Each structure stands twice: as structure tokens, then as C-alpha cells.
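K.L.:
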Amino acid sequence: MDVTILGSGSPIPDPQRAGTGITISIDGELVLLDCGPGTVERMLDADINPKSIESVFFTHHHMDHNASFFHFAIASWTLGRRDLTVYGPTGTTSLVEAMYQVYESDLEYRRSFGRSLDGITDIEIVDVDDEFASRIGNCRISAMQVDHSIETYAYRFDDESTGESVVFSGDTTIVDGFAEFAQGADVLIQDACIGPMLDTPPSNKPVWTKYFSPDQRYLDRLGEVHCTPAECGEIAADADVDTLVLTHLTPYLDPEQMKSNAQQSFDGAVIVAEDGLQLKSPL
Ligand SMILES: [Zn+2]
Ligand SMILES: [Zn+2]
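Taken in order, the sequence shown gives residues 1 to 283; the numbers are from this note's numbering.
(1) For ASP171, verify whether its CB is less than 6 Å away from any heavy atom of ligand 2.
(2) Can at least three beta-carbon pairs, one atom from the stretch 80-91 and one from the stretch 123-139, be found at a separation below 8 Å?
(3) May I have a chain-ordered list of the beta strand (DSSP E) segments no shorter than 3 residues that lie completely inside the stretch 1-44?
(4) Which two residues bound the contiguous beta strand (DSSP E) that contains SER55?
(5) Report the residue ranges of all alpha helix (DSSP H) runs contained in full by the stretch 132-189; include only those spanning at least 4 residues, in chain order.
(6) Work out the CA separation of GLU54 and GLU108 for me, nearest whole Å.
(7) Taking 6 Å as the cut-off, is the beta-carbon of HIS62 closer than that to any non-hydrogen atom of ligand 4?
(8) Report the rounded CA-to-CA distance for THR247 versus SER8, giving the unit in angstroms.
(9) For VAL284, which of helix, strand or coil comes out of DSSP?
(10) So, are the CB atoms of ASP64 and SER10 less than 7 Å apart?
(11) Within 10 angstroms of its Cβ, does PHE113 collect 16 or more other Cβ (buried), or is it exposed?
(12) Could you pull out every residue in the same chain whose Cβ sits closer than 8 Å to the Cβ of ALA75, ignoring the five residues on either side in sequence?
(13) Can you tell me which residues form a DSSP beta bridge with THR85?
(14) What number of angstroms, rounded off, separates the C-alpha of MET133 from the C-alpha of THR90?
(15) With the cut-off set at 7 Å, would you say SER161 and ASN138 are in Cβ contact?
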């Protein structure tokens, strides 16, 4: 499996970090996990043709995880994609139906260029719950409900032909049973949204200095529904994973301090995600 972090950011707009979006190649097929703002542009940055993706898995329906879905679905269809299956929790059907409602005449217009509507008006939707189990080729896919502000799932991908495994936590605070779910994974991509903050605003983050600064109420609420890097390290140690990738970064976090906080309890590899980060097989 190859993993590409397309977007490592948060709901706060950040030129250096798109919203959450991750591709994983499994058994020759590329799947997309979440589709936050900027996902399609980051695919092009990573030399990924959007039309090559025929499966999308949503962890949950917060804006920073789905805002580019309409863009992805329509752009990849106009490029020639003719199949799409969308997996996700409550809200997934509403998202797809909203696209049909808003863009019905847009799709008709694009059809007038000679395109078939296959792949856009026949999107297959698969509901995800705690019992979810599926396969793509030799890869087993499972889900676990985690603890966020809305219904949210972590996903696990086990490639039975290579023995490789990748887990993505989605957005979550610490949740019982997650270390078992992620047990022995080669790579754990983990929400680390609550972290040590930089002492001074970074010069390349104008959005923070000009438009936004976090107040204590905001940070307290975030802390109830996300993890700290130190907690991520504890989870990775309990799960005995090889590599921990910290993601979902806000513009004011200190990546160096995040890494060292995670390393206090985890002695495997720790990577603070950046957009475009690639982990190649063998993981
Ligand atoms: Zn969220
Ligand atoms: Zn999020």
C-alpha cells in the first residue's frame, strides 16, 4: 500500500494545509479517505488523476472532511470516471442528494458535451456502522465508531497479499478499544488537533495573525473532541504500530514540539504530516 496525505489541515483556512484528504493504493486501486477543502488541487500536486479514484470513504461529515466532494465528484466524472462508490456514516446520502439537487442543470449542461451520465447520477452509497466490513481486491476494510462531536468512524485497511495495514483514526478524542482496532498496524494516521502552540505566529501563516486567534473557550471545546500528540503517542504505543503520522494540524501548532510530545511514550517512527507526504510500500 502507498499512502499520500493530500491535506493535513483543519477547518481553519491555511495555504500550506488543505482539509483532510488521504489516498491509499490497495491492490492496484486508489481509494480516497475524506475530501476536505483543496483535495482536488492536492491530487494534481501529487500527480494523481482524480478519475482514477472510484471509492471514497468518509469518516464524518464535518466541513473540513467533505467540502470538496462536489468538486471531486464532478471533476473526476468530466475527466472520464464512470464508477463511484461512497462509503460513510449518517449524512452521506444527504451529501450526494444535495449535489443532485444543486447541480441538476449543471450536470445536464456537462452531458451536452457528449458525456455519459454514468459515474455521476448512479453513485453507489454504502452506509458505514460499527459492523462495517468490506473488501477491495485482497484488502480487508473495517470501521470502528470513535468519539467526536458527530457520528465518526475510523477505518482500517489490511492487505492480505502483502500483510500491510493502515489505520486512519478520523477525528476523535481517546476512545476505549481503539488500540485494539489499530493493533499491529504498519501506519496509524492519527488526529492530533490539540497540541502545543507556537510562541510566536509563523511568518508564513497570515491567516492566523490577520484573521483568527484561538481563545480559551475554543481550545477547551476542541480538546473535548480531538487528541493531543501525547495521547497519540500513548495510543500508538498501546496499539504497537510501526509508524505514527500526526495530522489535522491547525496553523498555530508547533510541529517539533508535537513530535517530541508523541515520542515521550512511543518509540516507533513519528511523522508530523505535511500536504503531499507519501509513505511507500513496503510500509
Ligand atoms: Zn470533525
Ligand atoms: Zn476535522
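We put the beta carbon where it would ideally sit given N, CA and C, even for glycine. None of these values were measured; they are calculated from a predicted model.
P.N.:
Let me spell this out:
(1) Mapped onto the sequence shown, residue 171 falls at position 171. Result yes, Cβ under 6 Å from ligand 2.
(2) yes
(3) 2-7, 21-26, 29-33
(4) Counting from 1 along the sequence shown, the entry for residue 55 is found at position 55. Counting along the chain, the beta strand (DSSP E) containing SER55 begins and ends at 53-57.
(5) 178-181
(6) Here residue 108 refers to the residue found at position 108 when the sequence shown is read from its first residue. Here residue 54 refers to the residue found at position 54 when the sequence shown is read from its first residue. GLU108 and GLU54: Cα-Cα distance of roughly 22 Å.
(7) In terms of ligand content, the structure shown lacks ligand 4 and carries ligand 1 and ligand 2 instead.
(8) Counting from 1 along the sequence shown, the entry for residue 247 is found at position 247. Counting from 1 along the sequence shown, the entry for residue 8 is found at position 8. Their Cα atoms are separated by approximately 5 Å.
(9) Outside the shown range of the chain (1 to 283) lies residue 284, about which nothing can therefore be said.
(10) By one-based count along the sequence shown, residue 64 stands at place 64. By one-based count along the sequence shown, residue 10 stands at place 10. Contact: yes.
(11) The residue given as residue 113 occupies position 113 in the sequence shown. So PHE113 counts as exposed.
(12) If you number the sequence shown from 1, residue 75 lands on position 75. Hits under 8 Å: VAL40, PRO50.
(13) What you label residue 85 is simply residue 85 of the sequence shown in a count that begins at 1. THR85 pairs with SER55, GLU124.
(14) For the purposes of this step, residue 133 is taken as residue 133 along the sequence shown, with counting starting at 1. For the purposes of this step, residue 90 is taken as residue 90 along the sequence shown, with counting starting at 1. First, the amino acid is wrong: residue 133 is Ala here, not Met. Going from the Cα of ALA133 to the Cα of THR90 covers about 17 Å.
(15) As a position in the sequence shown, residue 161 is number 161, starting the count at 1. As a position in the sequence shown, residue 138 is number 138, starting the count at 1. It is a contact, given that the beta carbons lie within the stated cut-off.
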